[in-house]
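Colleague: Okay, so the sequence shown: first residue is -9 according to our numbering, each after it adds one.
Idealized CB from N, CA, C, for every residue including glycine.
One structure, pasted below without further comment.
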Amino acid sequence: MNQLTIKNLGPVKEATVELKPFLVLIGGQGTGKSTIVKVLTICLDVLFYLRVLKGDDPHVLFREFGIDEYFKEDSYISFRFGDVSLEYKDGQFRWTSTALSDTDEAFKIFMHLLNSNTKKILKSYIGESEITSDVMQKYGRFIRSNSRMALYIPAERNLIGNLSPALASVLTAGVPLQKTLLEYMSLFEKAKQEFQIYPVEFLHLTFKKGGQDEGVEVDGEAHSQPIPLNHCSSGIQSVLPLLMVVDYAMKLKCFNHFVLEEPEQNLFPKNQTELLRFLISKTHETEFSAEGLMITTHSPYLLSALNISLLAGKLAKEEVLTTEVEAILPRKYHVDPEQVAAYALGDENVYCRSIINEKTGTIDQNYLDTASDVLGDEFNRLYRLYIKSIRK
């Protein structure tokens, strides 16, 4: 079983999560969702293993994600993925493999993997031209963002609506932005070159780029001027680059996992559902070569939308129900319950607990009802006072 265990790292007290193809973490601010997926992203990074195997400082990667200061004397990490195991204990990282006992041989394999990925990335830029040191220097930043096995899409992504037009100036000035955000911005710039016309049906808009001009056109407004992304709503500034980067990354076929922080950012509940279904539909496409999709969220709406997809996926397995199920929710939005792990973080009694009902394979209804019960109780108490007041 592929899994990650973290103890006493930043806000994470003790958490064990199973790494299924669809992983969801939900919890309030400061509960450690982001820390867990950042550690996962690092543990799926080829350069991380090369550093551990060579004896170089692996904390460099934790600094890139802004979580290096989270380590304490009793911090513990255990990561198992396929035949590879990684453990952090007593201040040291240790790597083992059931398939490879020779460290030198393992180093060669990881180097080969990194070099293969590098060549694949560069091919999209230079075709069959020779890979020279000048080429490596020119495209080094973009190569690094693709050397990870997981594409990490940060929660701070809505900043790029304003930063994207000035990317060159930002890089030249050395503005102290998180490296992962700069990598995401770089991917977005490439995505805009790749998709010069990019429609988003559920938002009723189309991104268009022609020469130096680019902007967003609202569907149905034929004679309107394109709106610059940095003048669009915060929801569009957050979600449009996300969709374009995901589609572009799928085309590159460089990533085995997609990690999305708070996909619901700045979106109305209906749009949150539509975004989730867009992402689910992508996992069903033949171009989707990744092994996993990881999401962190605050949103009970997103969780409820996922639950519908889980129930549809479960019921559609029964042939007598398939047609009826697909009439309610098309197959491209279904999710197989066996492929999903979901955890709630931050509870005082059990910091990290699975919220999948083992019998149904769907999100535990008791968990979904928790927020609405609290609000419903407050509303009912106030409503009783209201009734009491009008009867006076």
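Is it buried or exposed for residue 376, if we count other Cβ within 10 angstroms and need 16 for buried?
Modeller: The sequence position of residue 376 within the sequence shown is 386, counting from 1. The residue in question, residue 376, is exposed, as its Cβ has fewer than 16 Cβ neighbours within 10 Å.
Colleague: Where residue 334 and residue 282 are concerned, what is the direct C-alpha to C-alpha distance, given to the nearest angstrom?
Modeller: Residue mapping note: residue 334 aligns to position 344 of the sequence shown, counting from 1. Residue mapping note: residue 282 aligns to position 292 of the sequence shown, counting from 1. Near 19 Å, if we compare the C-alpha coordinates of residue 282 and residue 334.
Colleague: Could you pull out every residue in the same chain whose Cβ sits closer than 6 Å to the Cβ of residue 20, ignoring the five residues on either side in sequence?
Modeller: Taking the sequence shown and counting its residues from 1, one reaches residue 20 at position 30. For residue 20, where only same-chain residues beyond five positions count, the Cβ hits under 6 Å are 1.
Colleague: Check each candidate in 34, -5 and 181 and name the one with the smallest Cα separation from residue 104.
Modeller: Taking the first residue of the sequence shown as position 1, residue 104 is located at position 114. Of the listed residues, the one whose Cα sits closest to residue 104 is 34.
Colleague: Looking at chain C, is there any beta carbon in it that lies within less than 8 Å of the beta carbon of residue 272?
Modeller: The structure shown has no chain C; it contains just one protein chain.
Colleague: Output yes or no for whether 8 Å exceeds the beta carbon distance between residue 207 and residue 219.
Modeller: Numbered from its first residue, the sequence shown carries residue 207 at position 217. Numbered from its first residue, the sequence shown carries residue 219 at position 229. Not in contact: residue 207 and residue 219 (Cβ atoms no closer than 8 Å).
Colleague: Could you tell me the boundaries of the alpha helix (DSSP H) in which residue 203 lies?
Modeller: Looking up residue 203 in the sequence shown gives position 213. Residue 203 -> not in any alpha helix (DSSP H); beta strand (DSSP E) instead, spanning 203 to 208.
Colleague: Among all the DSSP beta bridges, which residues are the ones paired with residue 283?
Modeller: Against the sequence shown, residue 283 aligns to sequence position 293. Its beta-bridge partners are 12 and 248.
Colleague: Please tell me whether residue 14 and residue 265 are closer than 8 Å, where the distance is taken between their beta carbons.
Modeller: Taking the first residue of the sequence shown as 1, we reach residue 14 at position 24. Taking the first residue of the sequence shown as 1, we reach residue 265 at position 275. No, these two residues do not count as a Cβ contact at 8 Å.
Colleague: Since residue 197 is in the alpha helix (DSSP H), which residue starts that stretch and which ends it?
Modeller: Position 207 of the sequence shown holds residue 197. No alpha helix (DSSP H) holds residue 197; the beta strand (DSSP E) holding it covers 195 to 200.
Colleague: Please classify residue 33: does DSSP put it in a helix, a strand, or coil?
Modeller: Mapped onto the sequence shown, residue 33 falls at position 43. Of the three classes helix, strand and coil, the one that applies to residue 33 here is helix, per DSSP.
Colleague: Compute the Euclidean distance between the alpha carbons of residue 48 and residue 274, then round it to the nearest angstrom.
Modeller: Looking up residue 48 in the sequence shown gives position 58. Looking up residue 274 in the sequence shown gives position 284. Going by the C-alpha atoms only, they are around 35 Å apart.
Colleague: Does the contact criterion of 3 or more C-beta pairs under 8 Å hold for the region 311 to 330 versus the region 284 to 303?
Modeller: Yes, since at least three Cβ pairs between the region 311 to 330 and the region 284 to 303 fall closer than 8 Å, the two stretches touch.
Colleague: For residue 175, count the other beta carbons within 10 Å of its own beta carbon; 16 or more makes it buried, fewer makes it exposed. Which is it?
Modeller: On the sequence shown, residue 175 is found 185 positions in, with the first residue counted as 1. So residue 175 ends up on the buried side.
Colleague: Where does residue 216 fall in DSSP's three states?
Modeller: For the purposes of this step, residue 216 is taken as residue 226 along the sequence shown, with counting starting at 1. Reduced to three states, the DSSP call for residue 216 is coil.
Colleague: Judging by CA-CA distance, which residue of 292, 324, 293 and 289 is the nearest neighbour of residue 383?
Modeller: Past the edges of the chain, shown from -9 to 382, lies residue 383, and the structure says nothing about it.
Colleague: Could you round the C-beta distance between residue 29 and residue -4 to whole angstroms and report it? I think they count as a contact, below 8 Å.
Modeller: By 1-based counting over the sequence shown, the position of residue 29 is 39. By 1-based counting over the sequence shown, the position of residue -4 is 6. At roughly 6 Å, the Cβ-Cβ gap stays under 8 Å, so residue 29 and residue -4 are in contact.
Colleague: For residue 64, which residues from the same chain have a beta carbon less than 8 Å from its beta carbon, with the 5 sequence-adjacent residues on both sides left out?
Modeller: Working through the sequence shown from its first residue, we reach residue 64 at position 74. Cβ within range, chain order: -3 and -2.
Colleague: Of the choices 379, 345, 370 and 349, whose alpha-carbon is the least far from that of residue 17?
Modeller: On the sequence shown, position 27 is the one that residue 17 refers to. Cα-wise, what sits closest to residue 17 is 345.
Colleague: Whole angstroms are fine: how far does the CA of residue -6 sit from the CA of residue 78?
Modeller: Working through the sequence shown from its first residue, we reach residue 78 at position 88. Working through the sequence shown from its first residue, we reach residue -6 at position 4. Each residue's Cα considered, the two are about 12 Å apart.
Colleague: For residue 319 versus residue 261, is the C-beta spacing smaller than 8 Å?
Modeller: Position 329 of the sequence shown holds residue 319. Position 271 of the sequence shown holds residue 261. Cβ atoms of residue 319 and residue 261: not closer than 8 Å.
Colleague: Using DSSP bridges, identify the partner residues of residue -3.
Modeller: Position 7 of the sequence shown holds residue -3. For residue -3, which the question treats as bridged, DSSP gives the partners 4 and 66.
Colleague: Under a three-way DSSP split, which group does residue 378 fall into?
Modeller: Working through the sequence shown from its first residue, we reach residue 378 at position 388. Correct three-state label for residue 378: helix.
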